[in-house]
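> Sequential numbering from 4 applies to the sequence shown in this note's numbering.
Glycine included, each C-beta is placed from N, C-alpha and C at the ideal position.
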Amino acid sequence: MSPMLDVAIVGAGLSGLSLAEKLQPYKSNIAVFEARDRCGGRILSELIPEQDFAVDLGPTWLWPADQPRISALAERLGLTLFPQWDRGNSLYQVSADAAPVTFVDTQTHAEARRVEGGCRRFIAGLLQRIQLDILHLGHRLQNLIDQGSHVDLVFLTEGTRLTYHARQVVLAVPPRLVAENISFEPALAPELLSLMRNTPTWMAGHAKAALVYPKAFWRQQGYSGNASAPYPSAILGEVYDACPATYGAGSLFGFCGLPAELRERYRDSLPALIVRQLVGLFGEAAATPQNLRIHDWSQEPFTSTALDRAPIFEHPVYGHRALQLDHWQDKLHFCGTETAGKSGGYMEGALEASDRVFTALTL
Ligand SMILES: Cc1cc2nc3c(=O)[nH]c(=O)nc-3n(C[C@H](O)[C@H](O)[C@H](O)COP(=O)(O)OP(=O)(O)OC[C@H]3O[C@@H](n4cnc5c(N)ncnc54)[C@H](O)[C@@H]3O)c2cc1C
Numbered sequence: 004m005s006p007m008l009d010v011a012i013v014g015a016g017l018s019g020l021s022l023a024e025k026l027q028p029y030k031s032n033i034a035v036f037e038a039r040d041r042c043g044g045r046i047l048s049e050l051i052p053e054q055d056f057a058v059d060l061g062p063t064w065l066w067p068a069d070q071p072r073i074s075a076l077a078e079r080l081g082l083t084l085f086p087q088w089d090r091g092n093s094l095y096q097v098s099a100d101a102a103p104v105t106f107v108d109t110q111t112h113a114e115a116r117r118v119e120g121g122c123r124r125f126i127a128g129l130l131q132r133i134q135l136d137i138l139h140l141g142h143r144l145q146n147l148i149d150q151g152s153h154v155d156l157v158f159l160t161e162g163t164r165l166t167y168h169a170r171q172v173v174l175a176v177p178p179r180l181v182a183e184n185i186s187f188e189p190a191l192a193p194e195l196l197s198l199m200r201n202t203p204t205w206m207a208g209h210a211k212a213a214l215v216y217p218k219a220f221w222r223q224q225g226y227s228g229n230a231s232a233p234y235p236s237a238i239l240g241e242v243y244d245a246c247p248a249t250y251g252a253g254s255l256f257g258f259c260g261l262p263a264e265l266r267e268r269y270r271d272s273l274p275a276l277i278v279r280q281l282v283g284l285f286g287e288a289a290a291t292p293q294n295l296r297i298h299d300w301s302q303e304p305f306t307s308t309a310l311d312r313a314p315i316f317e318h319p320v321y322g323h324r325a326l327q328l329d330h331w332q333d334k335l336h337f338c339g340t341e342t343a344g345k346s347g348g349y350m351e352g353a354l355e356a357s358d359r360v361f362t363a364l365t366l
């Protein structure tokens with residue numbers, strides 16, 4: 004029988020890792036279990052080796068004016084923040100055939116900041132602060148059993164089922180994934196399961212494309228790099244400058260406008276279609292990116308479910324009280340950004356949630 008854990012945290016995204024960091028001095032025996040073979044969850048920045056900078060394929064921005072926790076974490080980890088580049092003309096295109104119109108927009112990102120080196124720096128910084136032997140990658144939680152004095156956690160790892168035991172369990176996993184992929188004995192109340200299923204995982208149905216060029220030719224032509232293309236056939240609905248903090252290589256990123264089903268259907272053609280769209284916006288210089296990465300979160304089973312394929316158009320209201328309370332007599336807690344009231348969905352919300360669970364576990 005594996006030793007009894009004080010706290011088992013499931014999910015090594017921002018909320019799970021920040022909770023582990025906070026709990027470490029207070030609990031002697033904690034473990035973090037993660038289904039993927041990497042940490043970070045929705046935080047994913049890919050290093051472009053030739054250019055020595057990282058493009059963010061998950062979150063890009065934080066807003067220090069409204070987000071005290073993520074700003075404080077950036078400061079504590081010694082990260083450098085810099086403003087999103089907005090200088091120059093932005094573009095608006097009503098249809099694929101229409102010439103883009105220029106306008107000056109200083110509001111869209113007025114307070115938004117990026118992290119030098121990419122948001123992965125949050126994860127790398129937290130990993131330096133927690134004992135690495137508490138991390139168990141490649142452990143997918145399948146089943147939780149309330150044994151009265153403790154909880155049994157059944158994982159699938161490399162095709163084998165492994166059982167751990169913990170006095171308290173924190174699910175730092177989006178509620179919808181919990182409802183869809185994890186079974187509970189005894190079963191959770193149908194109302195709670197239905198609430199979790201109806202809580203959309205923020206950005207889970209989206210895809211991002213990042214392109215790298217030798218230099219930011221659009222800046223030299225007086226463009227900010229921002230473009231909006233809100234017509235149904237637009238491959239990228241929004242485009243933004245994604246250059247590194249210190250001027251060097253050029254980079255643009257965009258959110259795919261096509262819904263998940265169409266992205267899947269046209270998957271092989273997407274790179275060429277994206278380049279064609281950018282040539283239409285910024286001219287021939289956009290035709291030859293050195294790198295083009297597309298990351299489709301709707302294809303990631305540890306972020307997205309079939310329910311997330313339906314696009315959402317407004318920021319959902321998060322932080323339902325039932326997801327903030329303890330369950331199974333204080334043995335089961337929900338964490339993760341979708342359980343946060345004020346900043347649910349954002350990185351700030353992941354920290355808001357881990358603060359709440361930390362308080363509950365150390366009272
Ligand atoms: C494309 C995109 C753009 C975004 N842009 C921004 C932005 O600009 N600013 C911002 O603040 N936020 C943004 N976000 C949201 C931000 O990424 C999230 O708020 C934050 O990363 C959530 O962290 P989390 O720990 O709550 O959840 P997650 O990062 O989803 O972590 C959950 C973890 O649980 C693991 N897991 C899932 N199922 C299991 C299982 N059965 N067993 C074990 N482990 C499991 C997952 O692999 C994952 O590592 C964006 C997200 C995306 C995808």
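#1: I'd like to know if the segment 237-246 and the segment 341-358 are in contact, where contact means that at least 3 CB-CB pairs between them fall below 8 Å.
#2: Give the range of the beta strand (DSSP E) segment to which Asn229 is assigned.
#3: Only counting runs of 3 or more residues, tell me where the beta strand (DSSP E) segments fall wholly within the segment 276-337, in order along the chain.
#4: Taking 8 Å as the cut-off, does the CB of Met7 come closer than this to any heavy atom belonging to ligand 1?
#5: I'd like the span of the beta strand (DSSP E) that includes Ala13, first residue to last.
#6: To which residues of the same chain is Val104 closer than 6 Å at the C-beta, ignoring the five residues directly before and after it?
#7: Using the Cα positions of Ala288 and His209, report the straight-line distance between them to the nearest angstrom.
#8: How is Glu78 classed by DSSP in three states: helix, strand or coil?
#9: Heavy atom of ligand 1 less than 8 Å from the Cβ of Thr111, yes or no?
#10: Looking at the secondary structure, which residues open and close the alpha helix (DSSP H) in which Asp358 lies?
#11: Asp311: buried (16+ other C-beta within 10 angstroms of its C-beta) or exposed?
#12: When DSSP labels each residue in this structure, what does Glu49 get in the three-state scheme?
#13: Where does the unbroken alpha helix (DSSP H) through Val181 begin, and where does it stop?
#14: Can you grab the Cα-Cα spacing for the pair Ser357 / Ser74, in whole Å?
#15: Within the present structure, is the beta-carbon of Gly19 separated from the nearest heavy atom of ligand 2 by less than 8 Å?
#16: Using only the heavy atoms of ligand 1, determine whether one of them is closer than 8 Å to the beta carbon of Leu326.
#17: What are the uninterrupted segments assigned as alpha helix (DSSP H) that are 4 or more residues long and contained completely in the segment 120-170, given in chain order?
#18: Tell me the rounded alpha-carbon separation between Pro235 and Glu264.
#19: Over what stretch of residues does the alpha helix (DSSP H) that includes Glu24 continue unbroken?
#20: Please work out which residues of its chain come closer than 6 Å, Cβ to Cβ, to Tyr226, disregarding the five sequence neighbours upstream and downstream, and give them in chain order.
#21: Compare the C-alpha of Arg39 against each of Arg266, Leu138, Thr342, Pro262 and name the closest.
#22: Identify whether Ile73 lies in helix, strand or coil by the three-state DSSP scheme.
#23: Near Asp329, which residues of its chain fall below 8 Å by C-beta distance, leaving aside the five closest residues on each side in sequence?
#24: Is Met199 near ligand 1, judged by its Cβ being under 8 Å from some heavy atom?
#25: Alpha carbon to alpha carbon, how far is Leu255 from Glu119?
#26: Would you grab the beta carbon distance between Leu354 and Leu144 for me? Rounded to a whole angstrom, and I think it's under 8 Å.
#27: Examine ligand 1 and report whether any of its heavy atoms sits within less than 8 Å of the Cβ of Cys246.
#28: Compute every distance between the C-beta of Ile185 and the non-hydrogen atoms of ligand 1, then say whether any falls below 8 Å.
#29: Considering only C-alpha positions, which residue in the set Ser307, Ala127, Pro86, Ile12 is nearest to Glu37?
#30: Which residue comes first and which comes last in the alpha helix (DSSP H) that contains Arg372?
#31: For Ala23, which residues from the same chain have a beta carbon less than 7 Å from its beta carbon, with the 5 sequence-adjacent residues on both sides left out?
#32: Let me check understanding here. Comparing Cα to Cα, which of Phe187, Val173, Arg268, Leu129 lies closest to Asp149?
#33: Less than 8 Å between the CB of Lys345 and some heavy atom of ligand 1, yes or no?
On the basis of the coordinates in this document:
#1: no
#2: Residues 226-231.
#3: 294-299, 335-337
#4: no
#5: Inspection of the sequence shows that residue 13 is occupied by Val rather than by Ala. Segment 7-13, the beta strand (DSSP E) holding Val13.
#6: Setting aside the 5 residues that flank it on each side, Val104 is surrounded in the same chain by Tyr95, each with a C-beta closer than 6 Å to its C-beta; the list follows chain order.
#7: 27 Å
#8: helix
#9: no
#10: 350-365
#11: Around the beta carbon of Asp311, a 10 Å sphere encloses 16 or more other beta carbons of the protein chains shown; the residue is thus reported as buried.
#12: Note: Glu49 maps to strand in three-state DSSP.
#13: 178-184
#14: 15 Å
#15: As far as ligands go, the structure on display features ligand 1 and does not contain ligand 2.
#16: no
#17: 123-132
#18: Approximately 13 Å, taken between the alpha carbons.
#19: 17-26
#20: So the list reads Gly91, Asn92, once near-sequence residues are dropped.
#21: Leu138
#22: helix
#23: Leu335, His336, Ala363
#24: no
#25: 15 Å
#26: 22 Å between Cβ atoms; not a contact.
#27: no
#28: yes
#29: Ile12
#30: Since the first residue shown for the chain is 4 and the last is 366, residue 372 is missing from the structure and cannot be characterised.
#31: Ile12, Ile33, Val35, Ile133, Ile137
#32: Ranking Phe187, Val173, Arg268, Leu129 by Cα distance to Asp149 puts Phe187 first.
#33: Not under cutoff, so the answer is no.
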